[in-house]
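Each remark here refers to the structure printed beneath this line.
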Amino acid sequence: MLPVGASRKDITRIKNKAYTYSENFSIIGLTRVFTGNPVERAFWFCVLVVAISIGVYMSSELITKYIKKDVRVDKQTIITDSNHFPTVTICLKPPRKKKYCNLAIVSNPGQDSNMQEPCPDEYDSTERNETLRSTVEKNHITIGDFKISCQERGICESFSDLIDTYFKVETSFENCLIWNYDGTFFNDENRFDIDISILNTKKEVFDHQKDDIRIYVSPKSVYLPLQHNYLTTSTFQHFQLSFKKTIIERLPAPYTSKCVEDSPVNIFPGEYSLEHCMASKRCIIALKKCGDTYDFCKDFLPFDLVDEYHDPEKSILEIHRCLDQSYYQERKVTDCELPCKETSFDIYG
Numbered sequence: 031m032l033p034v035g036a037s038r039k040d041i042t043r044i045k046n047k048a049y050t051y052s053e054n055f056s057i058i059g060l061t062r063v064f065t066g067n068p069v070e071r072a073f074w075f076c077v078l079v080v081a082i083s084i085g086v087y088m089s090s091e092l093i094t095k096y097i098k099k100d101v102r103v104d105k106q107t108i109i110t111d112s113n114h115f116p117t118v119t120i121c122l123k124p125p126r127k128k129k130y131c132n133l134a135i136v137s138n139p140g141q142d143s144n145m146q147e148p149c150p151d152e153y154d155s156t157e158r159n160e161t162l163r164s165t166v167e168k169n170h171i172t173i174g175d176f177k178i179s180c181q182e183r184g185i186c187e188s189f190s191d192l193i194d195t196y197f198k199v200e201t202s203f204e205n206c207l208i209w210n211y212d213g214t215f216f217n218d219e220n221r222f223d224i225d226i227s228i229l230n231t232k233k234e235v236f237d238h239q240k241d242d243i244r245i246y247v248s249p250k251s252v253y254l255p256l257q258h259n260y261l262t263t264s265t266f267q268h269f270q271l272s273f274k275k276t277i278i279e280r281l282p283a284p285y286t287s288k289c290v291e292d293s294p295v296n297i298f299p300g301e302y303s304l305e306h307c308m309a310s311k312r313c314i315i316a317l318k319k320c321g322d323t324y325d326f327c328k329d330f331l332p333f334d335l336v337d338e339y340h341d342p343e344k345s346i347l348e349i350h351r352c353l354d355q356s357y358y359q360e361r362k363v364t365d366c367e368l369p370c371k372e373t374s375f376d377i378y379g
């Protein structure tokens, strides 16, 4: 708005000033901070401070991201020449982690006379040795409670190959059969047909109310008690298993993922995982607190730790009670790092 009574000269001067401001906004702003009238100087000083603040903030964010080495997520689907299958474990009884001296850990173990004695150094951890015999017949193999037959030409050339190459009975846990335990099996068709029948369907074999079996899918050599990815099916159902494999790769420190290839604390075999690290620490903490630890830990504990902390004088009952209170209640295991390479399977039945 022009002032009333403004001369043509004033109008021309105002228009020229507006044009100059629009064409040279930043330069005019800088000069007016020092040469303008008090109102102009205050206005342009505020504009300059806000602009500098925004620039400093944006620059600091970029510098921080560079220093922290933030990692972007790169998701891609790859088709490979050979498709290696995962390890598949079939269990008629869920593997029990909470066992000590071959006895289940319970909250109230009672006053059994055997519980008052220390656990013997040597005890039978394979309760079902009599079921581990394998018999070869005309068109199938029987291993314990499992009958296996394979019709794939070129895959099962002989039954000795079938048992020696692809199958392994897990002797540390009752009624579990492992297929492709070393992860070497692959083919170009992404499919493998095999028939597995359960011979003994009595309730005591399954150790729970229903005649369900658990089918675990995992990378090779993952310790069975640490597996959680499974499907449940009935012994009377025909079952087709399919899966999708996902590989996650992370970067080590100083990147924010701070992944590790392995941990010096990890005691378990197979591919390193967060679960392996946490279970290892809990096993070691339980050994230090209780004088002994769960059966599934014992075979992998370092000898120096066992020599230092094992208490052969404590009774089974004392160890039971201590383990029940210490292992799963121990939460100070948050300093485990993620693995640099992690393989997971989504399973469908």
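Take 31 as the starting number for the sequence shown in our numbering and just add one per residue.
Glycine included, every Cβ here is placed at the ideal spot set by N, Cα and C.
- In its chain, beyond the 5 residues on either side, Lys371 have a beta carbon closer than 6 Å to the beta carbon of Glu279.
- For Cys206, the enclosing beta strand (DSSP E) stretches over residues Cys206 to Trp209.
- Sequence-distant partners of Val118 (beyond 5 residues in either direction) whose C-beta falls short of 8 Å from its own C-beta, in its chain, are Ile208, Trp209, Asn210, Ile245, Tyr246, Val247 and Leu271.
- Here Pro255 carries a helix assignment [DSSP, helix/strand/coil].
- CA-to-CA, the gap between Lys127 and Pro299 works out to about 16 Å.
- In this structure, Cys121 and Ile228 do not form a Cβ contact; the two beta carbons are roughly 11 Å apart against a cut-off of 8 Å.
- Bounds of any beta strand (DSSP E) do not take in Asp218, whose DSSP letter is neither H nor E.
- In this structure, DSSP gives Arg126 a state outside helix and strand, which the three-state scheme calls coil.
- In summary, Val199 is buried, with 16 or more beta-carbon neighbours lying within 10 Å of its beta-carbon over all protein chains present.
- In this structure, the beta-carbon distance from Phe273 to Asp111 does not fall below 9 Å.
- Contact between the stretch 303-322 and the stretch 334-347 is present: 3 or more CB-CB pairs across the two stretches fall below 8 Å.
- Between Thr373 and Lys288, the C-beta spacing is not below 9 Å.
- In the DSSP assignment, Asp175 falls outside any beta strand (DSSP E), carrying neither H nor E.
- Cys121 is bridged by DSSP to Cys206 and Arg244.
- Judged by DSSP secondary structure, Tyr339 falls outside any beta strand (DSSP E) and instead within the alpha helix (DSSP H) spanning Phe333 to Tyr339.
- Per DSSP, reduced to three states, the secondary structure at Glu91 is helical.
- For the beta strand (DSSP E) assignment, the uninterrupted runs of no fewer than 3 residues enclosed by the stretch 264-291 are, from N- to C-terminal side, 272-279.
- Going by DSSP, Lys250 is part of no beta strand (DSSP E) at all; its letter is neither H nor E.
- The continuous stretches of beta strand (DSSP E) do not include Phe330, and DSSP gives it neither H nor E.
- As the crow flies, the alpha-carbon of Thr214 is around 29 Å from that of Pro332.
- Taking a contact as a CB-CB distance under 8 Å, the pair Pro148 and Ser345 counts as one, their CB atoms being some 6 Å apart.
- For Ile346, the enclosing alpha helix (DSSP H) has its first and last residue at Ile346 to Ser356.
- Nearest Cα to Ile224 within the set Lys177, Tyr87 and Cys76: Lys177.
- In this structure, the CA atom of Phe197 is about 20 Å from the CA atom of Thr263.
- Setting aside the 5 residues that flank it on each side, His114 is surrounded in the same chain by Gly213, Thr214, Phe215 and Phe216, each with a C-beta closer than 8 Å to its C-beta; the list follows chain order.
- Ser303 and Val79 have their C-alpha atoms spaced approximately 51 Å apart.
- Here Ser90 is exposed. Its C-beta has fewer than 16 other C-beta atoms within 10 Å.
- Here DSSP, grouped into helix, strand and coil, assigns Ile171 to strand.
- Close CB contacts of Asn296 within its chain, under the 7 Å cut and outside five residues either way in sequence, are with Tyr302, His306, Cys307 and Ser310 (chain order).
- Classified as exposed, Cys76 has fewer than 16 neighbouring CB atoms from the shown chains inside 10 Å of its CB.
- For Val199, the pairing in a beta bridge is given by DSSP as Leu207.
- In this structure, Pro249 sits near Pro116, with a CB-CB distance shorter than 9 Å.
- Note: Pro116 is not bridge-paired with any residue in the DSSP secondary-structure output.
- With fewer than 16 other Cβ atoms from the protein chains shown falling within 10 Å of its own Cβ, Ala72 counts as exposed.
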